[in-house]
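Take 5 as the starting number for the sequence shown in this note's numbering and just add one per residue.
Take a look at the structure below.
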Amino acid sequence: MTPKRLLCIAPDSPGAAAMLRADMPDWEIRAVASLDEARSALRQEAYLVGLLVHVIGARPHLEVDRFLRQHSQVQWVGVLRVETLVIPACRDLVADYLCDYHTAPLDMRRLVHTLGHVHGHALLRRPRPRAGSAPSALIGSCETMQRLRSQVERVAKVDAPVLIWGESGSGKELTAQAIHRQSLRATGPLVPINCGAIAPNLIHSELFGYERGAFTGAARDKVGLIESANGGTLFLDEIGDLPKDLQANLLRFLQDKTIIRLGATRAIPVDVRVISASHVNLQQAVARGDFREDLYYRLSVLPVTVPPLRERREDLVELAEHFFHLYAADRPARLKGFSSKAVTAITAHSWPGNVRELINRVRRAMVMADGKWIEPDDLDLAMPSPPIEAVLDDARCSSERLAIRACLDRSGQNVSRAARDLGVSRTTMYRLLAKHGMRP
Numbered sequence: 005m006t007p008k009r010l011l012c013i014a015p016d017s018p019g020a021a022a023m024l025r026a027d028m029p030d031w032e033i034r035a036v037a038s039l040d041e042a043r044s045a046l047r048q049e050a051y052l053v054g055l056l057v058h059v060i061g062a063r064p065h066l067e068v069d070r071f072l073r074q075h076s077q078v079q080w081v082g083v084l085r086v087e088t089l090v091i092p093a094c095r096d097l098v099a100d101y102l103c104d105y106h107t108a109p110l111d112m113r114r115l116v117h118t119l120g121h122v123h124g125h126a127l128l129r130r131p132r133p134r135a136g137s138a139p140s141a142l143i144g145s146c147e148t149m150q151r152l153r154s155q156v157e158r159v160a161k162v163d164a165p166v167l168i169w170g171e172s173g174s175g176k177e178l179t180a181q182a183i184h185r186q187s188l189r190a191t192g193p194l195v196p197i198n199c200g201a202i203a204p205n206l207i208h209s210e211l212f213g214y215e216r217g218a219f220t221g222a223a224r225d226k227v228g229l230i231e232s233a234n235g236g237t238l239f240l241d242e243i244g245d246l247p248k249d250l251q252a253n254l255l256r257f258l259q260d261k262t263i264i265r266l267g268a269t270r271a272i273p274v275d276v277r278v279i280s281a282s283h284v285n286l287q288q289a290v291a292r293g294d295f296r297e298d299l300y301y302r303l304s305v306l307p308v309t310v311p312p313l314r315e316r317r318e319d320l321v322e323l324a325e326h327f328f329h330l331y332a333a334d335r336p337a338r339l340k341g342f343s344s345k346a347v348t349a350i351t352a353h354s355w356p357g358n359v360r361e362l363i364n365r366v367r368r369a370m371v372m373a374d375g376k377w378i379e380p381d382d383l384d385l386a387m388p389s390p391p392i393e394a395v396l397d398d399a400r401c402s403s404e405r406l407a408i409r410a411c412l413d414r415s416g417q418n419v420s421r422a423a424r425d426l427g428v429s430r431t432t433m434y435r436l437l438a439k440h441g442m443r444p
């Protein structure tokens, strides 16, 4: 059973928490005296319900607005002084962010009832937290994500090259960042290079750097991207797009751990861990002759596969809500979250664009939604068709109803004769009539 937790923010009412504990013995109540303490508490634990005791009206409106906007996933109840509601800005805060409010002097019985009702409603709207789940940049609790996190933890402990494969938008760079953060090189730089985004005539100088006078316009020495990652991690994104002539230079660097700047004659040792990523299947690229086989085996010592979003349906709602709160600054104050229909549409969609498409649709919906809740139309998603079993059941019921009505009409509304024509007993006939809400 989910424990009932309440975060009580009472800067000017130190006795509020004691009163609540006396009347709410089955709740875990945490009392804080400032919004900063509340932020810290919300980072440490999840709270479905929060209570603001004389916060609105006693603190600057912008400060309270910013706090409530950041933590709109909590269902807030307010305790206000009557005179506070006269102030237009305070009324706006109450209307935009609070589920309910009470005015002083308090009726504790009514307040306890309100908090219990709000908690029950919050349980209906929020997915239950999974036991043992730890916060991670790789969000998700499904089996494939647990396996990915386990792989990341293992490969992070060694210095061998990692090759991450996954569809576009599935989170390959996020996986590389997670590996770097958990590695012994976490204090060093993480230098990402998109191999497909650099102009072919500039790739060599960008990766390896150049010496002064190496070419017209080279007025000073330039450190290349590989050298700038010294002591840290080099992330080669979309490695499959690297031109064939540059692949040989990269192979030499991986073998010798040295680079030669353009226009230089001496080799420079570089200590980096290489993580590469590709949405192209490099084994197939090798078979086609588009990618060097020896380079492929150098890069793929530790292969990691990032699952596409369609294989993570259990995580879809969690991810959508994460991005809803991550981009909270983009949404109007009245917007509270996703409707149940929107959740159904999200879980039914195939997500060919993966996480990148989900972010795009959620951010657009946050701007375009008219009501308090994001609907399927705001996400530009269609509601799924009913399952074929439900369609067949409807067809069977409709045919059964038509047959009963036709027999009753032929028999002059005589139930016994209609039952005989249908080949059922009189008792069964009455049961069928009750099932379809019909009377002879």
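Quick reminder that beta carbons are idealized off the backbone N, C-alpha and C, glycines included.
All values derive from a computational prediction rather than experimental measurement.
### Query
In whole angstroms, what separates the C-alpha of ARG421 from that of ARG400?
Near 23 Å, if we compare the C-alpha coordinates of ARG400 and ARG421.
### Query
Whole-angstrom Cβ separation of ILE207 and PHE239, contact assumed at under 8 Å?
Between ILE207 and PHE239, the beta carbon gap of about 16 Å keeps them out of contact (Cβ cut-off 8 Å).
### Query
Under a three-way DSSP split, which group does ASN198 fall into?
In the three-state DSSP reduction, ASN198 falls in the strand class (E or B).
### Message
Can you tell me whether THR179 is buried or exposed? The criterion is at least 16 other CB atoms within 10 Å of its CB, across all chains shown.
### Response
The residue is buried, with at least 16 neighbouring Cβ atoms inside 10 Å.
### Query
Just how far apart, CA to CA, sit LEU188 and ARG270?
Between the alpha carbons of LEU188 and ARG270 lies a distance of about 29 Å.
### Task
Report buried or exposed for LYS376, applying the criterion of at least 16 other Cβ atoms within 10 angstroms of its Cβ.
Within a 10 Å sphere around the beta-carbon of LYS376 sit fewer than 16 other beta-carbons, which makes this residue exposed.
### Query
Near HIS75, which residues of its chain fall below 7 Å by C-beta distance, leaving aside the five closest residues on each side in sequence?
These residues qualify, in order along the chain: LEU46.
### Query
Whose C-alpha, out of LEU39, PRO109 and ARG113, is nearest the C-alpha of ALA26?
Selected option, being the one with the closest Cα: ARG113.
### Query
Can you round the beta-carbon distance between VAL195 and GLY236 to whole angstroms, since I take them to be within the 8 Å contact cut?
About 7 Å; that satisfies the 8 Å criterion.
### Query
Could you give the residue range of the beta strand (DSSP E) that holds PHE239?
Secondary structure note for PHE239: its beta strand (DSSP E) is the uninterrupted segment 237-241.
### Query
Hey, quick one: how far does the alpha helix (DSSP H) through ASP100 stretch, first residue to last?
Residue range 92-101 is occupied by the alpha helix (DSSP H) that includes ASP100.
### Task
Report yes if the CB atom of GLY82 is closer than 9 Å to the CB atom of ASP111, and no otherwise.
When the beta-carbon positions are compared, GLY82 and ASP111 stay at least 9 Å from each other.
### Within 9 Å, strictly: CB atoms of HIS117 and LYS8
Cβ atoms of HIS117 and LYS8: not closer than 9 Å.
### Task
Look up GLN79 in the DSSP assignment and give the residues it is bridged to.
Paired residue(s): VAL53.
### Query
Are the Cβ atoms of ALA42 and GLY54 separated by less than 9 Å?
Contact: yes.
### Query
Which residues in the same chain as VAL347 place their Cβ atom closer than 7 Å to its Cβ, once the five residues preceding and following it in sequence are excluded?
Closer than 7 Å at the Cβ level, and outside the excluded window around VAL347, lie VAL321.
### Message
Taking the alpha carbon of GLU315 as the reference point, which residue from GLY144, PHE219, GLU242 and LEU258 has its own alpha carbon closest?
### Response
Taking each of GLY144, PHE219, GLU242 and LEU258 in turn and checking the Cα distance to GLU315, the smallest one comes out for GLY144.
### Task
Find out if the Cβ-Cβ distance for the pair TYR51, ARG34 is shorter than 9 Å.
Between TYR51 and ARG34, the C-beta spacing is below 9 Å.
### Where TYR331 sits in the DSSP three-state scheme
Coil.
### Query
Among GLU361, ALA203 and VAL86, which residue has its Cα nearest to the Cα of PRO247?
Nearest C-alpha to PRO247: ALA203.
### Task
Using 10 angstroms around the beta-carbon of PRO29, count the other beta-carbons present and answer buried if the total reaches 16, otherwise exposed.
Counting Cβ neighbours within 10 Å, PRO29 comes out exposed, since fewer than 16 surround it.
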